[in-house]
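Presented below is the structure to which this report refers.
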Amino acid sequence: MSRYRGLIVLLMDVAMIFCCNFAIFLSALSTGDVRFYNLVMHIGLLTVCVLIFQLALRTYNTLWRYAESREYLTLLGGMGLGFALYAVINLMMGMSLIWISGALTGTALALLIMLAYRFIYRIYRRRVTGINQTRQTYAAIVGGGSAGAALLSELNDHVYSRFKPYCIIDDSCEKRDKRIHGVPVLGPIDQIDEILADTPVTDVIMAIQNLTPERRREILELCAATGRRVHVLGDPVTAVDKGGSRSAPTVREVEIEDLLGRQPVTLDNPRIASFIQGKTVLVTGGGGSIGSELCRQIAEYRPSRLVILDIAENTTYELQNDLLYKYGDTLNMSVEIASVRDKKRLEQIFDTYRPQVVFHAAAHKHVPLMEGSPAEAVKNNVFGTYNTALTAREYGAEKFVLISTDKAVNPTNVMGATKYLCEQVLQGLRREGGTEFAAVRFGNVLGSSGSVIPLFKKQIAHGGPVTVTDKRIVRYFMTISEAVQLVLEAGSFAHSGEVFVLDMGEPVHILDLAEKMIRLSGYTPYTDIEIREVGLRPGEKLYEELLISDKNLHQTENAKIFVEERPRVDSDQLCRQLKRLHTAAESNDARQVVACLHELVPAFRTPEEVNSAAILAMAQVVRKEVV
């Protein structure tokens, strides 16, 4: 039925034009002033003229259940142009003006009726074929600009929308107390809590596109403070799929990334392109959170071949499918299931593909788990890095980029200590005229495996409690996309053993993060959902250091990337150190491994030492502020 809908509407319009004009000339026909044959010929000519323009304007390709003013104006324009053509033909043939005046009245009447049954059909589709209205929830839309108006129109028209617009909240005095698509505009935004008090609104949708990150965060926090569920507009543009059905409103849940208030990362894309384009690029740990995003972004820069290496087959398989779906045969991609612990297997892979650029993201990174398995952390992180970096040098790779962590700075845990040694490995392997080694160090990545954000989401979905290890804990956060973008550009800067440090912005209190996520979900912290302190995990410290303010750091061309020049490590000394560590790791004696790490990493201290010093420093700051 749907495939013939346009034809049915066309036939209805033809019938309406004929009937209305016939009715207008009916009295003249009965008195004999107009002959039936001439009347049919004139109505037929008028109908043909109208149809010429309606078909040219594609009026009958319109889905009238979603029609807006543009579609109705198109219908009006087709009728007007068609009548004008009819009138011109009549004047050229010297016909009586009675035909033109009568046809004008008949055409106007037909147009009114055509508009009426289209509008009635639209209402019918919304009320009869839509979802049960009781399932809809009232929503306030923040922003009365073009994006807000587009969303409002979408919500009004879409039969499957679960949101029913209640009001629009905007700062514009010109819009206030007016209506957009029948919905009242209230304001200002800073008073949203008062405006929504005692209203049935359960959801708030942020629909302002062009805002500074700071103002966006401020508005979202105001929305969260209302106690309503908060959503944001993803894409205000409405799409119609191939089947002719309208897509659902592009509204998504607020992510914690929206609250970071970060300025967008600015990249030197030509520099990255020259670094990646046309080269064979190998990514170890390609199936992981960071590794998979690296692969996705590298693919955008058209490498001659992308080699994905990982021991985890499931996540790697999913990444492979995603890239195949997006790029098809345009991306030359190879997937190798292998462990970076296996030197011979690495040599086989490097011999096959001869990668020019290597991103080493393979690592054990879960802090508490590595405290319980220090030997595994050493085998995978230290010797996996050593194997991969050494093989890269042996097979003439141009650049080798290690993904490091802020936990390598003054480490208090096994994972951080092993990452520090990974950085030292690169210093020991570097030499003039060979592979250019570099490490990129950054903090916590939102959405990565093991991140606190997915845990908080699960806990909120189950009604709590939300658990934090310590209410005083502070962390740096960056999105996966941001981190990888900066890794790529930092890699293009790599020359001789540098450690690049990413500017992570302002640190975030984990307690504040938990409270905001609860509010964004429409709940009140401590009332609806409990926040419970469970104690620091093994190896965890209250704060992390990136050393952005360190005097040994220098800013690069990118304001968010700093570089630390590291002294070269004696390769013979490195080999002796690694030999002792290897013996300890192979013994699987946890105490011996940890003792060896403390010996090889001078800054490696216990979390208790570091946290005690941090608490003392915080107390001194508080006392100064009080004074």
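In the working numbering, the protein residues as written are 85 to 711. Just so it is clear, CB atoms sit at the ideal spot from N, CA and C, and this is done for glycine as well.
- Nearest to ALA473 by C-alpha distance, out of LEU510, ILE374 and GLY311, is LEU510.
- Straight across, the Cα-Cα distance linking ASP274 with ALA281 is about 13 Å.
- Per DSSP, reduced to three states, the secondary structure at PHE443 is strand.
- Under the three-pair Cβ rule at 8 Å, the stretch 407-426 counts as touching the stretch 375-391.
- Non-local C-beta neighbours of TRP183 in its own chain, meaning closer than 8 Å and more than five positions away in sequence, comprise HIS126 and ASN174, ordered along the chain.
- The Cβ atoms of VAL498 and GLU455 lie closer than 8 Å to each other.
- LYS663 and ARG556 have their C-alpha atoms roughly 40 Å apart.
- Take the alpha-carbon of VAL524 and the one of TYR504: they are about 12 Å apart.
- Distances from the CA of HIS682 to each of ALA545, SER180, TYR401 and GLN661 were compared; the closest alpha carbon is that of GLN661.
- DSSP places LEU415 in the coil class of the three-state scheme, outside both helix and strand.
- Following the DSSP letters along the chain, one finds GLU599 inside the alpha helix (DSSP H) bounded by residues 594-604.
- Per DSSP, reduced to three states, the secondary structure at CYS251 is strand.
- Only residues of its own chain outside the window of five on either side were considered, and among them MET100 have a CB closer than 6 Å to the CB of ILE197, listed in chain order.
- According to DSSP, ARG119 shares a beta bridge with no other residue.
- For LYS428, the enclosing alpha helix (DSSP H) covers residues 427-437.
- Residue pairing by DSSP puts ALA224 in a beta bridge opposite CYS251 and VAL288.
- As a beta-bridge residue in DSSP terms, PRO268 pairs with ARG263.
- Excluding the 5 residues flanking it on each side, LEU193 has same chain C-beta neighbours closer than 6 Å at CYS104, in chain order.
- DSSP places GLN275 within a helical segment (H, G or I) once states are collapsed to three.
- Taking the Cα positions, ALA669 is about 18 Å away from ALA446.
- If you look at ARG621, you'll find it isn't in any alpha helix (DSSP H); DSSP assigns it neither H nor E.
- At the C-beta level, ALA291 and LEU239 stay beyond 8 Å of one another.
- Judged by DSSP in its simplified three-state form, ARG389 adopts strand.
- Here the alpha carbon of VAL424 sits roughly 13 Å from the alpha carbon of VAL442.
- Taking 3 residues as the minimum length, the beta strand (DSSP E) runs contained wholly in the stretch 537-574 are 550-552 and 561-563, in order along the chain.
- With a contact defined as Cβ atoms closer than 8 Å, ARG336 and HIS315 qualify at about 6 Å.
- Three or more pairs of CB atoms, one per stretch, sit closer than 8 Å, so the stretch 133-146 contacts the stretch 158-165.
- Between THR553 and ARG621, the gap from beta carbon to beta carbon is short of 8 Å.
- Between the C-alpha atoms of LEU366 and CYS506 there is a straight-line separation of about 18 Å.
- With contacts defined by Cβ atoms closer than 8 Å, GLU692 and VAL647 do not form a contacting pair.
- Within 10 angstroms of the beta-carbon of TYR208 lie fewer than 16 other beta-carbons, which makes it exposed.
- Here DSSP, grouped into helix, strand and coil, assigns VAL466 to helix.
- Per DSSP, ASN353 has no beta-bridge partner at all.
- Nearest Cα to VAL132 within the set GLY166, GLU520 and GLY623: GLY166.
- Going by DSSP, HIS638 is part of the beta strand (DSSP E) stretching over 637-639.
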